[in-house]
Structures are given as structure tokens and as C-alpha cells.
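Below: the structure, in C-alpha cells.
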Ligand code: MN
Ligand code: MN
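Residue numbers (the working numbering): 2 to 316.
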């Protein structure tokens, strides 16, 4: 028997049976004793176009049932060295975005009283702002790896300053980030102006447009990011719309010309060595994902993220 929680094996209970937790891990009531806690944030009231991400955590958990515990290609064995569990869902207020963001921040502050790495299952991207507020309270200004089609640096949307499209401008203004250690990867699409991304580059954010990455392997990019960030506490936020809609159509604001799934895997694997203190996977929208493929991709992206966390044993 391992001293660490193990996902229920598909040879012990059929993969389509049982409770739906992330990777069939046990449920934990609190983060006490955990190295990694998966946290559902079922929310879509911060979105500007298609909704549906409120169903993201459920569907990602369901599709995660097929993932086996060992990463055969990289040798990562996260469950041999980290105590992992599913912490269930945060009880947001679906009638109030402002209240929901406050609830998320309080929930994370409580979690972070323990030395746990929280991994959020979203949920729309607005959830990342209160998470960063809680994380920065504990760790100070953070390095950030942000994989996304969008820079999410609008000033306001319909006069609202806290939406899924304004997160990283607020985080910058509030001093939650070290701008020179922020990396935004996969940016593309149309803009409100032709210079939508350039202001953030002026703050010091490092940006890689998707078009500069087309047809290229991304393992070297990961290494470049690791060298730039060093061992600074780093938050890793992965917006599923960074991927091309042919790989991940089930999302609220799809943009053509995105990353491929192999590129995403190369990028994440190349980030091994970062001092990741938290992460999330956002913007999976099951109502726009009739085949379940986007949630499947999202679940596997989360497993890749888990596989590079500090302390993971490699075989
Ligand atoms: Mn986003
Ligand atoms: Mn996006």
C-alpha cells in the first residue's frame, strides 16, 4: 500500500463507475495534509460571449476518469510522491459575480493556511483574479505563466472591471505580479484596437503570439520561461481557448489559429522546474462540447500540469 492517495484503478472499479472526482482521487474536506488539492469553481457569470463553463468542473472530472496515474512519456509519477485529493466545488453565488469572486478569495485564503498547491478546475477566467489575490497575500507578487488566446488585459467591459477579459490588468495594477516574470503564450485573434496586447508588453509582460509559434515545437519555449522565472513562486493559468478550436471547440470565445495539443504538452513539459505554487484550467464549456473532447483535453492538460509540480517523482 502506498502512503499516498491513489486514483481508483480501472482494474478495481470500471472507469464509468463510482463518484466523479478528479482522476478518481478521494474527496478531502480540508487541505490539511495535502500537497495538491483539486478545487472545482463552477462559474460562468464572468463570460462575455458563450456561457456554459459552470459545467466545466463536472465534465472535466468525468473525462479525467480515463487518465492513468503514470505519465509514460515523461516518467512523471505524481501519485508516488504527492498527497493529492479532490476538494470538491467552491459554493459560488451564481447571481452575483462580485460576491462569487469574494467567496473564491476567502476559500483560497482558507486553503492556503495549509502548504497545499491548489489546482482550480474552472469555471471562466474571472476566477483567477481572486485566486491571485489570495496567492499573492501568501507568497508576494507572483511570476505567471498564462496560456491563452487572449491577453485578458481589457480595462473594463460594460463598465465592469472584474470580468474574464480584465483579469491580468487588475492583477498588474494591484501589484499581484512581477511583470518581467509574466509570460503570455498563444495570443491571437481580433482586437478592439490593433494594439490590444502592446500596452501589457510595455508593463514588462513577455508575450508570444500564436502565429510566431505555428508549426514549431515548443519544448525550448518552456526552458526559456524556466530560465526567466527561476525559482520565484509561480502561478500557472491555462485557458483552454489557447488551443485551436479543432482540438478544443467547447469554449466560450474560440479563436482560430491556436496551439495544437502536442505543442501544449511540449510547452508544459518544458516548464518542469518552475516553483509552481498554484494553477488552474479554465474556460471549458461543456454545452459547446458535444463530443466531450474539450473536457478530455482539459483533463489531460491538468494531468500534465500536475506532472511538473515541485516534488513530483520521475521514474
Ligand atoms: Mn482567458
Ligand atoms: Mn481566452
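Even for Gly, the Cβ is constructed at its ideal location relative to N, Cα and C.
From a predicted model like this one, the values you see are computed outputs, not experimental measurements.
Within the same chain, 289, 290 and 295 come within 7 Å of residue 250 by CB-CB distance, once the 5 residues on both sides are set aside. Beta-carbon to beta-carbon, residue 168 and residue 129 are separated by about 5 Å, close enough to satisfy the 8 Å threshold. When DSSP states are grouped into helix, strand and coil, residue 238 belongs to the strand group. Collapsing the DSSP output to three states places residue 9 in coil.
Shown here for residue 252: same chain residues with a beta carbon closer than 6 Å to its own, the five before and five after excluded, namely 241, 242, 284 and 286 in chain order. Ligand 1 has no heavy atom closer than 6 Å to the beta-carbon of residue 100. Minimum Cα-Cα distance from residue 292 among the listed residues 45, 61 and 31 corresponds to 61. Remark: C-beta atoms of residue 104 and residue 44 do not approach each other more closely than 7 Å. If the five residues before and after residue 22 are omitted, its C-beta is found closer than 7 Å to the C-beta atoms of 28, 62 and 87, all from its own chain and listed in chain order. Within the same chain, and ignoring the five residues on either side of residue 52 in sequence, the residues whose Cβ sits closer than 6 Å to its Cβ are 45. A direct Cα-Cα distance of roughly 26 Å separates residue 73 from residue 186. In this structure, the straight-line span from the alpha carbon of residue 151 to that of residue 177 is close to 19 Å. By the Cβ test, the region 151 to 162 is not in contact with the region 106 to 119, since fewer than three Cβ pairs between them sit closer than 8 Å. Rounded to whole angstroms, residue 209 and residue 188 show a C-alpha spacing of 7 Å. Bridge pairing for residue 207: 184 [DSSP]. Taken in chain order, the whole beta strand (DSSP E) runs of length 3 or more contained in the region 246 to 311 are 277 to 283. Distances from the CB of residue 150 to the heavy atoms of ligand 2 include at least one below 6 Å. Distance between residue 198 and residue 268, taken at the CA atoms: about 21 Å. About 7 Å separates the Cβ atoms of residue 171 and residue 163, confirming a contact at the 8 Å cut-off. Under the DSSP assignment, residue 131 falls in the alpha helix (DSSP H) whose first and last residues are 129 to 140.
Looking from the CA of residue 259, the closest CA among 211, 35, 201 and 98 belongs to 211. Here residue 97 is exposed. Its C-beta has fewer than 16 other C-beta atoms within 10 Å.
For ligand 1, no non-hydrogen atom lies closer than 6 Å to the CB of residue 290. Here residue 239 is near residue 148, since their CB atoms are less than 7 Å apart. Listed in chain order, the beta strand (DSSP E) runs fully inside the region 29 to 82 are 37 to 42, counting runs of at least 3 residues.
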